[in-house]
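Reading through the structure tokens given below for one structure.
There are 2 protein chains.
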Amino acid sequence: MRDAAASGEGEILEGIRRRAAVERRGGLVLGIGDDCAIFRQRGAREDLLLTTDLLVEDVHFRHDTHPPEAVGHRALARGLSDIAAMGGTPRICLLSLAAGERADARWIARLYDGLLRLARRTGTILAGGDLARAEKTACDIVVVGAVPRGRALRRDRARAGDAIYVSGRLGGSALGLEKGAGRAWVRHLHPEPRLRLGVFLREHVRASAAMDLSDGLSLDLRRMALASGLEAAIEPPPRFPGASLEQALHGGEDYELLFTARPRAKVPARFGGVPLTRIGAMRQGQAGAVYLSDRPLAALGYDHFRDSR
Amino acid sequence: MRDAAASGEGEILEGIRRRAAVERRGGLVLGIGDDCAIFRQRGAREDLLLTTDLLVEDVHFRHDTHPPEAVGHRALARGLSDIAAMGGTPRICLLSLAAGERADARWIARLYDGLLRLARRTGTILAGGDLARAEKTACDIVVVGAVPRGRALRRDRARAGDAIYVSGRLGGSALGLEKGAGRAWVRHLHPEPRLRLGVFLREHVRASAAMDLSDGLSLDLRRMALASGLEAAIEPPPRFPGASLEQALHGGEDYELLFTARPRAKVPARFGGVPLTRIGAMRQGQAGAVYLSDRPLAALGYDHFRDSR
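Put into structure tokens, the structure is as follows:
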């Protein structure tokens, strides 16, 4: 078994990060490696969060099965979920759309309808983008959010002894993709970015670390543990009705939040109807190691440069 | 002959703009329709410029002919050129890369090398991005720049009587694409974003309007005239050595600046070695109409939704 976070996408990103040689200059507070970059303008009371996410035909969606409104919704939801993970509030978004051969003007209009519906509901303004032709469709969503200066939630701030939580029930998106119908399919098509929860975690829970679950709990928790220099020990997470343990552990695109908090932090059992479940704790040990019920858990979440879907 | 700015890409973008129903709220000063969106944070002395640009395999470059370093350079240059067009200074960039089947780890590393070389030279920090697999490569570059509050150069501010200028000599990129060798090919592979010129036009020339030439003078000038509610009358622009008049008028990807200034504004003949040439004037008339030597000029620049390359 190859080690996902140390190969494939992880390795390539690490190489880029080293070459980018990011220093804390030019207003950049945090660069490559978290859900968003953090940018600080002189005089501003808020830090800006910037994130960009790709959605590629035949990788993240299929033309035959995914309605264009859902493609637009999911494109924006991916970016909003990154803003939620850092406790931010979305402000504006830009969409770059390479429209594939099967994406006609009507299909494109419906994609924007789905995107704009979610944008309106979350107070996000579509401020621009780019449009080009391609063989297959690829969308890149850019979201800019804001968070009070110095208060963004990061994935590298978990401490030994912190409790580990997840929002919602996991594996729904993977189950939906398998079934292609029913509640899980709806969940797959219309993930709900946990924006209000992210703000709550920052303001009230004072979470020590947070990130969103985009590539599967096993891989994402490994990334958080690695960034924080700790190991993580968990029990099986709550599952979406009908999802297998495998789907809950390794299925991607749930867009729930993974976060840590001091052991005595007051974390309600639910927030806005979404369960918040303590699944384990961070501890000293081998940075990035994850244990499920005391046995090593392989990071089988989705890695674009190892897997193919 | 169809009317490019009123069909194809123009029509689709206009539909999106209407549906986005952008209002001046949430810090957004300028939305869809210019080179960059303008975003203003409370308390900040500078406005932020945001732009996103796609570069798609077999549309904007070919794997067999374009070295990966040049693809990286051109991806970033596209975004930087938008910042230059508004008189801004680049701060950070993010690259979303959907790596195609022929893009192996070595090719990707070389793409980042080309991008990072230009980034370093222009003071732009690579702050993040996304990485995914796809059949063909698509890069989306996001650049965030800054400009003193309320001072960004826009394309919709030209006034009747203003002189029209272009930087550099046009048609080099189109000629290079045709030849595949020589100086024009180098020009095509390594366009130089006119960042210092953009700042000079804002600070010293006090240009009334500006935009970059990405889709060809005929189409881009039409867009500026349309945005400003004027018509434009020009003479043949300076040509890159060897380029035809057609290439200079309609060839895309020159990334020179098109700008207007009051008739008595002091515009030097050269700036930083780049010629600045007066090619005509704006006047009252049919918004968006362009005349070359007193004859109507069709907007034959590149439109992704009308042409195929």
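Sequence lines, in order, name chains R and B.
Position one of the first sequence corresponds to residue 692 (the numbering used here), numbered consecutively onward.
Position one of the second sequence corresponds to residue 692 (the numbering used here), numbered consecutively onward.
Each residue gets a CB set at the ideal place from its N, CA and C atoms; glycine is no exception.
Bear in mind that the values here come from a model prediction, so they are computed numbers and not experimental data.
Taking the beta carbon of B:Val833 as reference, the chain R residues within 9 angstroms of it are Leu741, Thr743, Leu785, Ser787, Asp831 and Val833, listed in sequence order. At least one CB of chain R lies nearer than 8 angstroms to the CB of B:Leu719. In the three-state reduction of the DSSP assignment, R:Ser899 falls in the coil class.
Residue pairing for B:Val981: DSSP places it in a beta bridge opposite B:Ala923. Runs of the alpha helix (DSSP H) lying entirely within the stretch 849-899 of chain B, each at least 4 residues long, are 863-870, 873-880 and 886-891 in chain order.
In this structure B:Arg878 is not in contact with B:Gly889, their Cβ atoms being roughly 19 angstroms apart against a cut-off of 8 angstroms.
B:Gln975 counts as exposed, since fewer than 16 other beta carbons sit within 10 angstroms of its beta carbon. Residue nearest to B:Leu880 within the set B:Leu806, B:Met973, B:Leu785 and B:Arg969 is B:Leu806 (criterion: CA-CA distance). Using a Cβ-Cβ distance cut-off of 8 angstroms, the stretch 832-844 of chain R and the stretch 733-748 of chain R are in contact, since at least three pairs of beta carbons, one from each stretch, lie closer than that value. In the three-state reduction of the DSSP assignment, R:Gly819 falls in the strand class, which pools E and B. In this structure the stretch 842-852 of chain B lies against the stretch 895-911 of chain B, because at least three pairs of beta carbons, one per stretch, are closer than 8 angstroms. Contact of B:Arg736 with chain R by beta-carbon distance below 7 angstroms involves Arg733 and Gly734. Non-local C-beta neighbours of B:Gly820 in its own chain, meaning closer than 6 angstroms and more than five positions away in sequence, comprise Leu785, Leu786 and Ser787, ordered along the chain. Residue environment for R:Leu746: buried (at least 16 other C-beta atoms within 10 angstroms of its C-beta).
Interface with chain B (8 angstroms Cβ-Cβ cutoff): R:Arg782 is included.
Around the beta carbon of R:His895, a 10 Å sphere encloses fewer than 16 other beta carbons of the protein chains shown; the residue is thus reported as exposed. The beta-bridge partner set that DSSP reports for R:Thr780 consists of R:Ala837. According to DSSP, B:Asp744 shares a beta bridge with B:Ile832. Taking C-beta atoms under 8 angstroms as the contact rule, B:Glu944 and B:Arg885 fail to qualify, at a distance of about 14 angstroms. Taking a Cβ-Cβ threshold of 8 angstroms, none of the residues of chain R is close to B:Tyr946; the smallest such distance is about 15 angstroms.
The stretch 853-873 of chain R and the stretch 927-937 of chain R touch, with no fewer than 3 CB-CB distances between them shorter than 8 angstroms. CA-to-CA, the gap between R:Pro758 and R:Val750 works out to about 15 angstroms. For B:Leu739, the secondary structure class from DSSP, reduced to helix, strand or coil, is strand.
Not a single CB atom of chain R sits nearer than 8 angstroms to the CB of B:Gly805.
Within the stretch 744-763 of chain R, the residues whose Cβ lies closer than 9 angstroms to some Cβ of chain B are Asp744, Leu745, Leu746, Val747, Glu748, Asp749, Val750 and His751, listed in chain order. Taking 8 angstroms as the CB threshold, R:Ala768 stays off the interface with chain B.
For B:Ile729, the enclosing beta strand (DSSP E) has its first and last residue at Ala728 to Arg731. B:Gly791 is not a Cβ neighbour of B:Ile832, given a cutoff of 8 angstroms. Here the alpha carbons of B:Arg913 and B:Lys870 stand approximately 28 angstroms from one another. Looking at the DSSP output, B:Phe950 sits in a beta bridge with B:Tyr856 and B:Ala901.
For R:Pro954 against R:Leu967, the beta-carbon gap comes to about 15 angstroms, at or over 8 angstroms, which does not count as contact. Membership of R:Gly971 in any alpha helix (DSSP H) is not indicated; the residue belongs instead to the beta strand (DSSP E) covering Val965 to Arg974. Listed in chain order, the non-local C-beta contacts of B:Gly963 below 7 angstroms within the same chain comprise Arg887 and Leu888, local neighbours out to five positions each way being set aside. B:Thr828 and B:Met973 have their C-alpha atoms roughly 40 angstroms apart. In the DSSP assignment, R:Leu991 falls outside any beta strand (DSSP E), carrying neither H nor E. Between B:Gly907 and B:Leu988, the gap from beta carbon to beta carbon reaches 8 angstroms or more.
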